[in-house]
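To keep things clear, I will list the structure first and then write my remarks on it.
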Amino acid sequence: MTEPTITQLQAMPDDWQRALAVVAHPDDLEYGCSAAIAAWTDAGREVAYVLATRGEAGIDTLEPEKCAPLREREQRAGAARVGVTTVEFLDHKDGVIEYGTALRRDIAAAIRRHRPELVITLNHRDTWGGVAWNTPDHVAVGRATLDAAGDAGNRWIFPELIEQGLQPWNGVRWVAVAGSSTPTHAVEATTGLERAVHSLLEHRTYIEVLTDEDPETYVRGFLTENARTTGARFGGKPAVAFELFGR
Ligand SMILES: [Zn+2]
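Mapped onto UniProt numbering, the consecutive letters of the sequence shown carry residue numbers 1 to 247.
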């Protein structure tokens, strides 16, 4: 028997200056890829976050009106840990985000405002690696983000955005999907991993409800194991994987 060949992941492109990450909920980026974001902001790149919701339906014991401001605070703190100070919320409804032109327009508007070369999102497919069912919010926002990268550049799609002063931006060169079960690229997580741990730990209220484990032990274990598994396909260095779609 021969050993199966491990397909190595390629290094993510680094000839860019601005990235925009668009996800459904507070904590999606912290679970998904914040070690990579830490490495990028360290290198002087600008990264901004746009969240479709405030994650207000995420905690069973907390009513949405009380949950939303708390999770917004935790998200801003988590972003700051990896050098991100711009965090915006589109105020779609947590749990029932609808894929459609309203969502595409809001994301296209964000892309026109921020003019990124790289757009980042989270797994848009039905499942996590065929094992666990994905949430409809992740699917909707991931797909709409991949679509909006094109919409942002076309002046005839959403002409109302031009009336609002948002000129087309056709400069998105890639959309990188974190949490994909078919990744193609990776970023070394050695220097960013510690800050990624603290970034996810900022979502303390959410994590304390999620697990009985000590929050730091849980978070460190989860992110370290993910980085190690990805690293097996990236020269043995801990890494964060992305599926990269060029444009
Ligand atoms: Zn989520």
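No residue lacks a Cβ here, since even glycine has one placed at the ideal position from N, Cα and C.
Under 7 Å: does the beta carbon of A144 sit that close to some heavy atom of ligand 1? no
State the Cα-Cα distance for the pair V240 and Q164, rounded to the nearest angstrom. 37 Å
On the DSSP bridge list, what partners appear for residue 248? The shown model of the chain, from 1 to 247, leaves out residue 248, and the question about it has no answer.
With DSSP as the reference, label R18 as helix, strand or coil. strand
Straight-line CA distance for F89 to D137? 14 Å
Nearer than 7 Å: is that true of the beta carbon of A79 relative to any heavy atom of ligand 1? no
Run the proximity test for D137: is its beta-carbon closer than 7 Å to any non-hydrogen atom belonging to ligand 1? yes
Kindly give me the distance between the Cβ atoms of W128 and S181, rounded to whole angstroms, as I take these residues to be in contact under 8 Å. 7 Å
Residues of its chain near I37, where Cβ-Cβ distance is below 6 Å and the 5 sequence neighbours each way are ignored: V47, V82
Does the distance from the C-beta atom of L244 to that of I111 stay below 8 Å? no
D42 beta carbon near ligand 1 (any heavy atom closer than 7 Å): no
Quick one: what's A239 bridged to in DSSP? E188
For the alpha helix (DSSP H) that V87 lies in, which residues bound it at each end? From DSSP, V87 is part of no alpha helix (DSSP H) but of the beta strand (DSSP E) over 87-89.
What did DSSP end up calling W211 once you bin it into helix, strand or coil? Checking the sequence, you will find Thr at residue 211 rather than Trp. Note: T211 maps to coil in three-state DSSP.
Excluding the five sequence neighbours on either side, which residues of its own chain have a C-beta within less than 8 Å of the C-beta of P64, listed in chain order? E56, A57, D94
Output the distance between the C-alpha atoms of residue 267 and T190, rounded to the nearest integer angstrom. With the chain covering 1 to 247 only, the question about residue 267 has no answer from this structure.
DSSP state of L62 mapped onto helix, strand, coil: coil
Leaving aside the five residues before and after E202 along the sequence, list all residues of the same chain whose C-beta is less than 7 Å from its C-beta, in chain order. E74, A77, G78, R81
Residue nearest to V139 in terms of C-alpha spacing, selected from A108, V219, A178: A178
Within 10 Å of its beta-carbon, does R71 have 16 or more other beta-carbons around it, so buried, or fewer, so exposed? buried
One or two residues paired with Y49 in a DSSP bridge: A21, V87
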